Amino acid sequence: MKITWKRIKISPASVFRTAKAVRTDKETIWVQIKHEGTVGWGEAVPMDTYRQTLESAEETLGAVSELLATRDPRHIEELSEELVARFDKQLATVAAIDAALHDWVGKKYGLSTVTMLGLNPARIPVTSFSIGIDTPQVVAEKTKAAAGFPIFKVKVGTPEGDIALKTIREFAPKKTVRVDANMGWTVEQALEQLPRLRELRVEFVEQPIAANDLEGLRRLKEAAIIPIVADESCVRPGDVLRLAGCVDGINIKLGKCGGIRPAMKMIHLARALGMKIMLGCMIESSLGIAAAAQLAPLVDWLDLDGHLLIKDDPFIGLGGQGGRLMIGGSQGLGVRPV
Ligand code: MG
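Reminder that position 52 of the sequence shown reads as 52 in the working numbering, one-by-one numbering, no gaps.
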């Protein structure tokens with residue numbers, strides 16, 4: 001197979017802040033696989049948390065294209081295992097290849113990826129919609145503008161974030177609200193904050209404390225104030241096992257674990273261990289989101305709004321309204337360039 005790639009520009013619809021970063025314009029990489037006259041596409045979104053860059057992604061793609069030159073894209077499972085083992089610091093790029101392989105097989109045989117996986121797209125949960133941290137006035141406006149979405153996700157863990165949460169509750173008293181602290185608290189601070197979150201009827205909190213503090217997470221879970229979900233603590237399948245008993249649920253992202261194949265392993269492990277499962281994303285185009293959406297029928301909580309937070313999405317085909325996602329087309333991931 002032949003692998004090519006090019007950078008694409010992603011512009012957030014508005015400046016988006018979390019406890020750790022401010023997101024502005026960025027680029028992602030559109031990866032294309034060509035074999036037997038059929039193409040498959042995936043999107044690589046390098047994650048700075050893992051010191052991945054556009055350059056390291058492109059370097060990885062160069063190495064992958066040599067490695068896979070004479071391989072068969074139908075053998076997704078073995079290709080995925082090899083790539084995850086060999087490029088374990090570049091899993092966002094491996095995820096793009098994994099998506100492109102799924103897209104290729106779907107297009108080759110005329111099946112949507114969700115059907116290939118044996119899943120029912122009618123069981124996709126409603127996604128949350130993220131409201132970024134800003135002044136109370138702007139947060140109030142964003143909350144009103146997002147009235148069509150039944151579930152909000154809010155970044156907390158900073159004083160402004162905590163004010164934003166209160167503002168959202170004020171303007172959306174009946175919506176489901178989830179929060180993400182992005183490691184913003186210590187255990188003691190979290191123990192102080194969680195009862196307040198419960199008072200504000202928050203459904204669960206994502207990653208309240210540092211990623212490697214599993215005993216701290218266990219203390220928070222055992223305090224049983226509100227459910228605790230691991231995101232930064234949960235990167236790949238082995239982490240699901242380590243987190244058993246420490247959290248109530250995990251947040252899986254294709255870019256963290258290396259794509260649909262490793263994500264399925266994590267989903268099955270988490271289910272066997274009695275954990276809830278959330279499927280998340282980065283700020284990315286609907287090409288990347290469409291890959292994650294194929295797995296969405298298997299999860300409890302969906303946070304696939306990355307493509308809803310950008311303007312000028314370079315891809316079309318992934319439909320939906322008010323937080324409902326609709327996988328497009330009947331072949332592969334169901335998206336195509338605008
Ligand atoms: Mg998170």
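Backbone N, C-alpha and C fix where the C-beta goes; we use that ideal spot for every residue, glycine too. In this text, all values refer to a predicted model and were calculated from it rather than measured experimentally.
Open item on the list: Would you say the beta carbon of G280 is closer than 8 Å to some non-hydrogen atom of the ligand MG?
Closed with: Within the sequence shown, numbered from 1, the residue matching residue 280 stands at position 280. Because some heavy atom of the ligand MG lies under 8 Å away, the Cβ of G280 counts as near it: yes.
TODO: With DSSP as the reference, label F171 as helix, strand or coil.
DONE: On the sequence shown, residue 171 is found 171 positions in, with the first residue counted as 1. Helix, per DSSP.
- [ ] Scan the stretch 122–169 and note each continuous alpha helix (DSSP H) run of 4 residues or more that stays entirely inside, going in chain order.
- [x] Entirely contained in the stretch 122–169, the alpha helix (DSSP H) runs reaching 4 residues are, in chain order, 136–145.
TODO: Give me whichever residues DSSP pairs with K89 in a beta bridge.
DONE: By one-based count along the sequence shown, residue 89 stands at place 89. The partner list for K89 (beta bridge, DSSP) is empty, contrary to what the question assumes.
TODO: Please report the Cβ distance between V205 and I168, rounded to the nearest whole angstrom; I am assuming they are in contact, meaning their Cβ atoms lie under 8 Å.
DONE: The residue given as residue 205 occupies position 205 in the sequence shown. The residue given as residue 168 occupies position 168 in the sequence shown. The Cβ separation is near 15 Å, so there is no contact.
- [ ] Compute the distance between the beta-carbons of P297 and P262, then report whether it is under 9 Å.
- [x] Stepping through the sequence shown from its first residue, residue 297 is reached at position 297. Stepping through the sequence shown from its first residue, residue 262 is reached at position 262. Not in contact: P297 and P262 (Cβ atoms no closer than 9 Å).
Open item on the list: Any contact between the stretch 49–57 and the stretch 305–315? By contact I mean 3 or more CB pairs, one from each, below 8 Å.
Closed with: With a cut-off of 8 Å on Cβ pairs, the stretch 49–57 is not in contact with the stretch 305–315, counting fewer than three such pairs.
Task: Spatial neighbours of F171 in its chain, beta-carbon cut-off 7 Å, leaving aside the 5 residues before and after - done: Indexing the sequence shown from 1 puts residue 171 at position 171. If we look at F171 and ignore the five residues flanking it on each side, its Cβ neighbours are A140, T143, K144.
Open item on the list: According to DSSP, F315 sits in a beta bridge with which residue or residues?
Closed with: In the sequence shown, counting from the first residue as 1, residue 315 sits at position 315. In the DSSP secondary-structure assignment, F315 is bridged to P337.
Task: Buried or exposed (CB count within 10 angstroms, at least 16 for buried), D25 - done: Position 25 of the sequence shown holds residue 25. Exposed: under 16 other Cβ atoms inside 10 Å.
Open item on the list: Just checking N251 against the ligand MG - is the residue's beta carbon closer than 8 Å to any of the ligand's heavy atoms?
Closed with: Mapped onto the sequence shown, residue 251 falls at position 251. Result yes, Cβ under 8 Å from the ligand MG.
Task: Opening and closing residue of the beta strand (DSSP E) in which A44 lies - done: The sequence position of residue 44 within the sequence shown is 44, counting from 1. Start and end: 38–44.
Task: Same chain, Cβ closer than 6 Å to G329, five either side skipped, listed in chain order - done: The count along the sequence shown starts at 1 and reaches residue 329 at position 329. Same-chain partners within the cutoff: G317.
Task: Within the stretch 249–283, ranges of the alpha helix (DSSP H) (whole runs, at least 4 residues) - done: Complete alpha helix (DSSP H) runs here, min 4: 254–257, 260–272.
TODO: With M326 as the anchor, note down where its beta strand (DSSP E) starts and where it stops.
DONE: Here the question's residue 326 lines up with position 326 in the sequence shown. For M326, the enclosing beta strand (DSSP E) begins and ends at 324–326.
- [ ] Reducing DSSP to helix, strand and coil, say where R178 ends up.
- [x] In the sequence shown, residue 178 corresponds to position 178, counting from 1. Strand at R178.
Open item on the list: Is the beta carbon of P73 closer than 9 Å to that of G40?
Closed with: By 1-based counting over the sequence shown, the position of residue 40 is 40. By 1-based counting over the sequence shown, the position of residue 73 is 73. Yes. Within cutoff.
Open item on the list: Just to confirm the assignment, what range does the beta strand (DSSP E) spanning Q52 have?
Closed with: In the sequence shown, residue 52 corresponds to position 52, counting from 1. No beta strand (DSSP E) contains Q52, which DSSP labels as neither H nor E.
TODO: Report, in whole angstroms, the separation of the C-beta atoms of I151 and G306, which I expect to be a contact under 8 Å.
DONE: Residue numbering aside, residue 151 sits at position 151 when the sequence shown is read from its first letter. Residue numbering aside, residue 306 sits at position 306 when the sequence shown is read from its first letter. Contact check for I151 and G306: beta-carbon distance about 15 Å, past the 8 Å limit, so the pair fails to qualify.
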